[in-house]
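Residues in the sequence shown are numbered consecutively from 205, following our numbering.
Glycine included, each C-beta is placed from N, C-alpha and C at the ideal position.
Structure, as structure tokens:
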Amino acid sequence: MDVYQQLKSSALTALDLHRAQIDNYSDQQVRSLVGEAMMRSAAELGVQEQALPLVETVLDDLLGLGPLEPLLRDSAVSEIMVNRFDQIFVERAGQLRKSDLQFQNEASVKRAIERIVTPLGRRIDESSPMVDARLLCGSRVNAVIPPLALDGSCITIRKFSSQRLYLQNLIEMGSCTEGMAGFLQLAVRLRMNIVISGGTGSGKTTLLNILADSITEHERVITIEDAAELNIPQSNQVRLEARPANQEGEGQVSIRQLVINALRMRPDRIIVGECRSGESLDMLQAMNTGHSGSMTTLHANKPRDAVRRLETMVLMAGMELPLLAIRQQIVSAVNIIVQVNRTLGGKRRITSITEIQGLEGDVVQLAELWCWNESRQQHVATGEIPKFAEQLNSEDKASVLSVCVADNELTCLSEHMFGANL
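If you want it as structure tokens, here you go:
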């Protein structure tokens with residue numbers, strides 16, 4: 205028997221001996237208990253130095269997610285992609301690279317998936333071969349197993365930074381300007397309804413978390429998600445999470461049902477992690493019925509595409525509303541669309557802040573307040589004044605105008621200095 209198997213055997217023995225107490229131990233206490241048992245076994249065998257790197261591996265295999273554990277501990281890794289048991293890719297600083305780590309076999313990947321979903325009351329098997337879940341650290345997980353995954357079970361983990369980000373961090377990273385950050389902060393405080401639009405991995409959820417920092421402490425916030433990942437700092441909040449059907453196909457609770465229920469919970473604001481289907485209609489109605497200041501995200505490449513996607517998702521609610529009525533709902537509900545994109549180099553940035561200004565005939569009128577100028581590689585204030593400012597009191601109106609005008613003056617100065625037609 206090799207050293208790894210001997211250490212694993214002693215670890216299993218320690219777990220068996222302390223089976224009655226383990227339920228009351230924290231993960232760290234269990235790892236410490238089993239680690240000490242393995243080191244005692246290594247000392248008896250006279251292989252302490254050889255055992256040191258193996259102890260962590262055994263602990264990860266028995267108590268964690270195997271080879272994924274060191275990647276989860278690595279703060280530089282933002283995404284982990286298991287294509288099959290012997291092929292793991294990671295994203296660091298926006299760049300994808302193949303990892304040297306791998307699982308032992310297909311069965312070990314399935315065991316890791318079971319460890320993720322079982323504590324959450326979710327299931328994955330041949331009858332339900334896909335699952336969305338989350339780790340204790342808040343990271344989002346998607347898993348697919350055969351027969352859908354042809355080359356073997358695959359896992360995708362989206363990690364979230366342990367360090368909380370703020371608007372100032374976005375400014376420092378070049379994701380937005382001070383004027384854009386100031387405007388978004390004001391828009392949240394003034395209870396504008398905001399939709400964050402972007403592609404997969406573009407930073408929608410991160411931005412939603414950041415904007416939620418501007419919600420005042422006295423407001424009651426209800427968050428609704430498919431797999432909980434939002435981290436809202438307000439103390440007066442209720443977090444709701446959708447539930448899939450059980451093995452009998454019963455007990456499913458959809459995001460749409462949660463949105464409808466949230467209206468009975470006296471919310472000041474409703475935040476839906478992502479609108480994907482018919483819940484968009486209920487979200488728009490909530491925004492239209494006294495729950496201003498609500499926010500959500502959706503997948504779209506441009507602000508205009510975001511409007512079209514909203515229309516499509518409302519039609520998915522099965523209400524058979526005429527398109528004009530849907531557009532009227534969107535125009536009266538949504539104030540601001542914030543577009544986020546991810547560059548080929550992995551950098552995330554806000555590329556547009558757009559106001560929905562109304563309907564002209566049956567066309568939704570959009571006014572871009574800020575955009576990203578690709579040729580100049582800088583954010584540009586268009587000089588457009590938000591229409592909603594007309595309904596504000598004089599103090600708030602002055603605040604909105606000041607951030608818009610200040611950034612526009614910088615744009616005009618840049619244009620004068622460089623002679624560029626922005």
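Is the Cβ-Cβ distance between residue i and residue j less than 8 angstroms?
i, j, result
"residue 311", "residue 321", "no"
"residue 607", "residue 383", "yes"
"residue 317", "residue 347", "yes"
"residue 543", "residue 378", "no"
"residue 398", "residue 408", "no"
"residue 477", "residue 429", "yes"
"residue 361", "residue 283", "yes"
"residue 211", "residue 267", "no"
"residue 658", "residue 419", "Look at the range of the chain in this structure, 205 to 626, and you will see that residue 658 is not part of it."
"residue 145", "residue 206", "What the structure shows of the chain is the stretch from 205 to 626, and residue 145 is not part of that stretch, so it cannot be assessed."
"residue 421", "residue 473", "no"
"residue 314", "residue 349", "yes"
"residue 475", "residue 500", "yes"
Excluding five sequence neighbours on each side, which residues of the same chain lie with their C-beta closer than 6 angstroms to the C-beta of residue i?
i, result
"residue 575", "556, 584"
"residue 617", "Residue placement at residue 617 is flagged as unreliable, the pLDDT there being 45, under the threshold of 50; a coordinate-derived value is accordingly withheld."
"residue 416", "436"
"residue 285", "293, 360"
"residue 445", "429, 432"
"residue 625", "In this prediction, residue 625 has a pLDDT of 44, which is less than 50 and means its spatial position is unreliable; nothing more can be read from the coordinates."
"residue 329", "none"
"residue 247", "none"
Return the bridge partner residues of residue i from the DSSP annotation.
i, result
"residue 289", "Note: residue 289 sits in no beta bridge, so no partner."
"residue 441", "425"
"residue 375", "DSSP output for residue 375 lists no bridge partner at all."
"residue 495", "Partner(s): none; residue 495 has no beta bridge."
"residue 473", "425"
"residue 402", "503, 544"
"residue 390", "DSSP, once it has assigned bridges, lists no residue as partnering residue 390."
"residue 638", "In the structure displayed, the chain extends from 205 to 626; residue 638 sits before or after that span and is not available."
"residue 585", "574"
"residue 346", "336, 360"
"residue 447", "457"
"residue 283", "295, 362"
"residue 567", "564"
Between the Cα of residue i and the Cα atoms of the options, which residue gives the shortest distance?
i, options, result
"residue 488", "530, 458, 503", "530"
"residue 586", "515, 609, 592", "609"
"residue 458", "486, 472, 526, 601", "486"
"residue 309", "381, 358, 532", "358"
"residue 439", "431, 426, 432, 448", "426"
"residue 577", "444, 564, 304, 381", "381"
"residue 300", "280, 273, 466, 319", "280"
"residue 545", "507, 513, 470", "507"
"residue 518", "497, 534, 503, 505", "534"
"residue 385", "595, 509, 404, 414", "414"
"residue 590", "314, 601, 325", "601"
"residue 242", "230, 233, 217, 479", "217"
"residue 566", "512, 236, 528, 454", "528"
Can you give me the Cβ contacts of residue i inside the same chain, cut-off strictly under 7 angstroms, excluding the 5 residues immediately before and after it?
i, result
"residue 537", "397, 488, 491, 492"
"residue 549", "298"
"residue 364", "342, 343, 433"
"residue 456", "447, 448, 449"
"residue 569", "561, 562, 563"
"residue 467", "490"
"residue 389", "371, 418"
"residue 622", "Because the pLDDT of residue 622 is 42, which lies under 50, any placement of that residue in the model is unreliable, and the number read from its coordinates should be weighed accordingly. So no residue of the chain qualifies."
"residue 572", "556, 558, 586, 588"
Secondary structure at residue i, three-state DSSP: helix, strand or coil?
i, result
"residue 299", "strand"
"residue 513", "helix"
"residue 355", "coil"
"residue 578", "coil"
"residue 573", "strand"
"residue 322", "helix"
"residue 213", "helix"
"residue 262", "helix"
"residue 368", "coil"
"residue 560", "strand"
"residue 381", "coil"
"residue 536", "helix"
"residue 454", "coil"
"residue 278", "coil"
"residue 329", "strand"
"residue 396", "coil"
"residue 520", "coil"
"residue 341", "coil"
Apart from the five residues just before and just after residue i, which ones in its own chain have a Cβ nearer than 8 angstroms to its Cβ?
i, result
"residue 306", "271, 289, 290, 291, 292"
"residue 539", "391, 396, 397, 398, 559, 560, 592"
"residue 524", "none"
"residue 603", "390"
"residue 244", "214"
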